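Participant: Residue numbers (our numbering), protein chains in the order written: chain A, 1271 to 1591; chain B, 533 to 852.
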Amino acid sequence: MKRDKINKFFSRIPKHIIILFVLVIWITPTLGLLITSLRPVQDINTSGWWMILKPRDDIASQQNLPKFTLNNYIDALVGYRGTRNYVSDCENGTAPLDMRCNAADILNPRGMIRALLNSLIVTIPATILPILFAAFAGYAFSWLDFKGRTLLFAILVGLQVVPLQMTMVPISRAYSTLGLNGTFLGVWLFHTGFGMPYAIYLMRNFLGSLPKDLFESAYLDGASHWTAFVQLAIPLAIPAIASLGIFQFLWVWNDLLVSLVFLGGTKPVITYQIANMVSSLGAGWHLLTAAAFLSMLLPIVVFFALQKYFVKGMLAGAVKG
Amino acid sequence: MASRPVPKIMKQGKFAPWFYLAPALILMFFFIVYPMFNTIGLSFRDSNGEGSAATLCKEEQACWGVFENYRYALTGEIDKTSISAAWKSFWISSFGNTIKWIFLMVSGTVIIGLLFAKLVDGIKHEGLAKAILFMPMAISFVGAGVIWKFVYNYGTQRVQIGILNAIITALGGEPVSFLTATGLNTIALVVVGTWMWTGFCMTILSSSLKSVPEEILEAARVDGANEWHVFTRIIIPIIMPTIIVVITTMVINVLKQFDIVYVMTGGNFHTDVIANRMYTEMYINYNTGRGTAIAVILIMAVLPFIYINIKRFMAQEEMR
């Protein structure tokens, strides 16, 4: 019996080593980004981030710099592109021309604050609108009777996997005649339209699986479809709405292609801002790592807080374009 | 057509359903259906979408008439001097690279995802282990691009600040420029995609692993099957339908993959893929005809999956 236990213990070791090995590979890149974003720029370029615990023997230690700093984040947030950092430049009055050293810097078009605000402006309506319209349509597909119901829904299932690229060109041409290029409205509409098939699919599958008796008895009590929809279907669909909301939120927040094409530099969102920094900055790792981490903060919080709904929505069939 | 019947007792006005459907249908029509057909039309026109594509033909050069944009899209990257040169150039063209992406990334994500799901099944911190593998799904491709550009960083100086080159030089090797070395660079990009999407495959496969009835597995173990045989000969066949769903989803995802290439190499150094090439033609070269032709080729590749999706949906409806 005891030997069995020992054998079992040893047979488990390789399994745990493999798991640990995979997890280390998965975590290390992100960890490197986070640590680098907190180091002074002098350190970043003279030693690897994994040397963080070792004593320093370079210029940085002679200057008696702290090992960790938030300067990279401040510089990234206000869009500082000078040779030192925003805080000390402002103190010494040597700030670059595009820095005012007051609240006006928040709106610097190169800064991450501006980009984060734009991302929020894009994301919130582009998350709410599809859920709203999908709830209506999902209700119709599950509890209303009309001609061609199955056919229409089958088409919708097919539309789920249409690539974004397939619809972009005609829409940007139409937008330029309508004057919608470079406007938030254009992006909201595009995300709403494009998010529709998956959103309806999810809502219909959820609403359709609610017990039939529930709706029948509501009707016997004199409820109309509208009452049944507002007072019965919507409250019961909260879990589905939550998964859908997280999905659409992450999709829009993380999207690059749509904002690149329809907003571009006029209203830079975070993904656009970072992609731009990658190509124009070259080796400015202190700014890039801080900016990238800023862009990941909100999605990671949302993900860990609402993981359950995220996974549920995914298992319900996440194929989207 | 076996859609579930609505309870007869619930009366409704004749137009009521269409009020509920109208916003969604109108949006989908204007943002998906209509642009799709418009894109097909534009792919037979010139760079402004005005004249026919046939007018682009030049004398004494190969020309496919109204299919001229397709000729460019399909053969423009191919070196036509000899068969071997053509073969070689195909595998570093956007099409060859997309094929590489599909094979490497789909097999990578599905195999690692499946094995990891099986390994962590029932361990003490299963939830945490899965969350770590899954976390990259929450961040953007752009963020992932920055993360991995740093991992692959290639320094010409004494110190390597990219962890991969630091490991290579510590082991006595020469630093490698991962993102510019042709052939290697596409693999380096696929690794980023795999890092991001393995969690997706793992989560779906894990939930189907858990639905395999324990009695079947016990019965096999009693009959003397070892764990590996239980896994390969019993579990995998049972969850095969899910594996196929995951594979088709991943193929579609990879076909549309744009961001990683755009951020990390911009399609340079022979890393271009179909989706990025379409963007380049359309929004950098401003050539509507060529851009839309590439988009149409992309949807042709997705078409079989649209069919599979609808068929699977119909089968599910039958069972409801």
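C-beta atoms are modelled at their ideal positions from N, C-alpha and C, and glycine is treated no differently. Because the structure is a prediction, the values reported are computed rather than measured.
#1: Say whether chain A places a C-beta atom closer than 8 Å to the C-beta of B:Met832.
#2: Please identify, using Cβ separations under 8 Å, the residues of the segment 1564-1575 of chain A that lie next to chain B, in order along the chain.
#3: Let me know the secondary structure DSSP gives A:Phe1411 once reduced to three states.
#4: As an exercise, report each continuous alpha helix (DSSP H) stretch of at least 4 residues that is fully enclosed by the segment 748-823 of chain B, in chain order.
#5: What does the Cβ neighbour count give for A:Arg1474, buried or exposed, with the cut at 16 atoms within 10 Å?
#6: In chain order, what residues of the same chain lie with their CB nearer than 8 Å to the CB of A:Thr1306, ignoring the 5 residues before and after it?
#7: Give the DSSP-derived three-state secondary structure of B:Tyr552 in the structure shown.
#8: Report yes if the CB atom of B:Asp611 is closer than 8 Å to the CB atom of B:Ala605, and no otherwise.
#9: For a contact meaning CB atoms closer than 8 Å, what does A:Thr1339 contact in chain B?
#10: Count the other CB atoms, across all protein chains shown, that sit within 10 Å of the CB of B:Glu706; report buried if there are 16 or more and exposed otherwise.
#11: Would you mind working out which of B:Ile768, B:Phe547 and B:Gly715 sits nearest B:Leu636, comparing C-alpha positions?
#12: Name the residue from A:Leu1304, A:Val1432, A:Leu1477 and A:Cys1360 whose alpha carbon lies nearest to the alpha carbon of B:Phe561.
#13: Please return the same chain residues whose Cβ sits closer than 7 Å to the Cβ of A:Phe1519, not counting the five positions on each side in sequence.
#14: Could you please tell me which residues of the segment 792-813 of chain B, in chain order, have their CB closer than 9 Å to any CB of chain A?
#15: Taking the CB atoms as reference points, tell me whether B:Tyr818 and B:Ser575 lie closer together than 8 Å.
#16: In chain order, what residues of the same chain lie with their CB nearer than 6 Å to the CB of B:Gly640, ignoring the 5 residues before and after it?
#17: Whole-angstrom Cβ separation of B:Leu711 and B:Val778, contact assumed at under 8 Å?
#18: Closest by CA to A:Val1457, which one among A:Val1348, A:Thr1536, A:Val1292 and A:Ile1295?
#19: So, is B:Arg577 buried or exposed, given that buried needs 16 or more other C-beta atoms within 10 angstroms?
#20: Could one say the Cβ of A:Pro1379 lies closer than 8 Å to chain B's Cβ atoms, at least one of them?
#21: Give every residue of the same chain whose Cβ lies closer than 8 Å to the Cβ of A:Ala1498, excluding the five residues on either side of it in the sequence, and list them in chain order.
#22: Among B:Ile634, B:Asp653, B:Glu609 and B:Ala556, which residue has its Cα nearest to the Cα of B:Ile767?
#23: Using a C-beta to C-beta distance shorter than 7 Å, which residues of chain B count as neighbours of A:Met1466?
#24: Quick one: list the residues of chain B neighbouring A:Ala1562, beta-carbon separation under 8 Å, in chain order.
#25: Beta-carbon separation of B:Pro555 and A:Phe1403 under 8 Å?
#26: Any C-beta of chain B sitting closer than 8 Å to the C-beta of A:Asn1524?
#27: Along the chain, where does the alpha helix (DSSP H) that runs through B:Trp680 open and close?
#28: Mapping the DSSP letters down to three states, classify A:Arg1443 as helix, strand or coil.
#29: Output yes if chain A places a C-beta closer than 8 Å to the C-beta of B:Lys788; else output no.
#30: In the structure shown, what three-state DSSP assignment does B:Ser584 receive?
#31: Could you tell me the alpha carbon to alpha carbon distance between B:Asp755 and B:Val762, rounded to whole angstroms?
#32: Name the chain B residues that come within less than 7 Å of A:Phe1460, Cβ to Cβ?
#33: Shorter than 8 Å from the beta carbon of A:Pro1433 to some beta carbon of chain B?
#34: Using a Cβ cut-off of 8 Å (strictly closer), state whether B:Thr571 contacts chain A.
#35: Mind listing the chain B neighbours of A:Phe1517? Cutoff is C-beta to C-beta under 9 Å, in chain order.
#36: Alpha carbon to alpha carbon, how far is A:Trp1296 from B:Val683?
Facilitator: Straight from the coordinates:
#1: As a first step, residue 832 of chain B is located in the second sequence; it is residue number 300 there, counting from the start. No, B:Met832 does not count as interfacial toward chain A.
#2: Ser1565, Met1566, Pro1569, Ile1570, Val1572, Phe1573 and Phe1574
#3: Position 141 of the first sequence, counting from 1, holds the residue named residue 1411 of chain A. Helix at A:Phe1411.
#4: 768-788, 791-796 and 806-811
#5: Counted from its first residue, the first sequence places residue 1474 of chain A at position 204. Classification of A:Arg1474: buried, given that the 10 Å Cβ count is 16 or more.
#6: Working through the first sequence from its first residue, we reach residue 1306 of chain A at position 36. Taken in chain order, the residues that qualify are Ile1314, Trp1319, Trp1555, His1556 and Thr1559.
#7: Along the second sequence, one-based indexing puts residue 552 of chain B at 20. In this structure, B:Tyr552 counts as helix in the three-state DSSP scheme.
#8: Counted from its first residue, the second sequence places residue 611 of chain B at position 79. Counted from its first residue, the second sequence places residue 605 of chain B at position 73. No, the Cβ-Cβ distance between B:Asp611 and B:Ala605 is not below 8 Å.
#9: Locating residue 1339 of chain A in the first sequence gives position 69, where the first residue counts as 1. Those do not exist, as A:Thr1339 stays about 17 Å from chain B at its closest Cβ, beyond 8 Å.
#10: Your numbering for residue 706 of chain B matches position 174 in the second sequence. Per the 10 Å Cβ criterion, exposed.
#11: Within the second sequence, residue 636 of chain B is the residue found at index 104, counting from 1. Among B:Ile768, B:Phe547 and B:Gly715, the Cα nearest to that of B:Leu636 is on B:Gly715.
#12: Position 29 of the second sequence, counted from the first residue, corresponds to residue 561 of chain B. Nearest option by C-alpha distance: A:Val1432.
#13: Here residue 1519 of chain A refers to the residue found at position 249 when the first sequence is read from its first residue. Thr1393, Thr1397 and Val1572, listed in sequence order.
#14: Tyr794, Val795, Met796, Gly798, Ile806, Ala807, Met810 and Tyr811
#15: Translated into the one-based positions of the second sequence, residue 818 of chain B becomes position 286. Translated into the one-based positions of the second sequence, residue 575 of chain B becomes position 43. Against a cut-off of 8 Å, the Cβ pair of B:Ser575 and B:Tyr818 comes out as no contact.
#16: Translated into positions along the second sequence, residue 640 of chain B becomes position 108. Within the same chain, B:Gly640 has close Cβ partners Thr726.
#17: Along the second sequence, read from residue 1 onward, the residue named residue 711 of chain B stands at position 179. Along the second sequence, read from residue 1 onward, the residue named residue 778 of chain B stands at position 246. Wrong, their Cβ atoms sit about 29 Å apart, outside the cutoff.
#18: Position 187 of the first sequence, counting from 1, holds the residue named residue 1457 of chain A. Ranking the options by Cα distance to A:Val1457, first place goes to A:Thr1536.
#19: Taking the first residue of the second sequence as position 1, residue 577 of chain B is located at position 45. With 16 or more other Cβ atoms within 10 Å, it is buried.
#20: Against the first sequence, residue 1379 of chain A aligns to sequence position 109. It does not: the Cβ of A:Pro1379 has no partner Cβ on chain B nearer than 8 Å.
#21: Counting from 1 along the first sequence, the entry for residue 1498 of chain A is found at position 228. Closer than 8 Å at Cβ, skipping near neighbours: Trp1413, Phe1485, Ala1488 and Tyr1489.
#22: In the second sequence, residue 767 of chain B corresponds to position 235, counting from 1. Minimum Cα distance to B:Ile767 is reached at B:Asp653.
#23: For this step, residue 1466 of chain A is matched to residue 196 along the first sequence. Simply Ala556, Leu559 and Met560.
#24: Position 292 of the first sequence, counted from the first residue, corresponds to residue 1562 of chain A. Per Cβ cutoff of 8 Å: Val674, Gly675, Val678 and Ile679.
#25: Position 23 of the second sequence, counted from the first residue, corresponds to residue 555 of chain B. Position 133 of the first sequence, counted from the first residue, corresponds to residue 1403 of chain A. Yes, Cβ-Cβ distance for B:Pro555 and A:Phe1403 is below 8 Å.
#26: Translated into positions along the first sequence, residue 1524 of chain A becomes position 254. Answer yes: the Cβ-Cβ gap between A:Asn1524 and chain B drops below 8 Å somewhere.
#27: Residue 680 of chain B sits at position 148 when you count from the first residue of the second sequence. Phe673 to Val683 is the span of the alpha helix (DSSP H), which, as asked, contains B:Trp680.
#28: In the first sequence, the residue the question calls residue 1443 of chain A occupies position 173. The answer is helix: DSSP assigns A:Arg1443 an H, G or I state.
#29: The residue given as residue 788 of chain B occupies position 256 in the second sequence. Yes, B:Lys788 counts as interfacial toward chain A.
#30: The residue given as residue 584 of chain B occupies position 52 in the second sequence. B:Ser584 falls in the strand class under three-state DSSP.
#31: Locating residue 755 of chain B in the second sequence gives position 223, where the first residue counts as 1. Locating residue 762 of chain B in the second sequence gives position 230, where the first residue counts as 1. Going from the Cα of B:Asp755 to the Cα of B:Val762 covers about 11 Å.
#32: Indexing the first sequence from 1 puts residue 1460 of chain A at position 190. Under the 7 Å cutoff, chain B gives Phe563.
#33: Looking up residue 1433 of chain A in the first sequence gives position 163. At least one chain B Cβ lies under 8 Å of A:Pro1433.
#34: Here residue 571 of chain B is taken as the residue at index 39 of the second sequence, counted from 1. Yes, contact with chain A.
#35: Position 247 of the first sequence, counting from 1, holds the residue named residue 1517 of chain A. What A:Phe1517 touches in chain B: nothing, since even the nearest Cβ is about 11 Å away.
#36: Start at 1 with the first residue of the first sequence, and residue 1296 of chain A comes out as number 26. Start at 1 with the first residue of the second sequence, and residue 683 of chain B comes out as number 151. Going by the C-alpha atoms only, they are around 12 Å apart.
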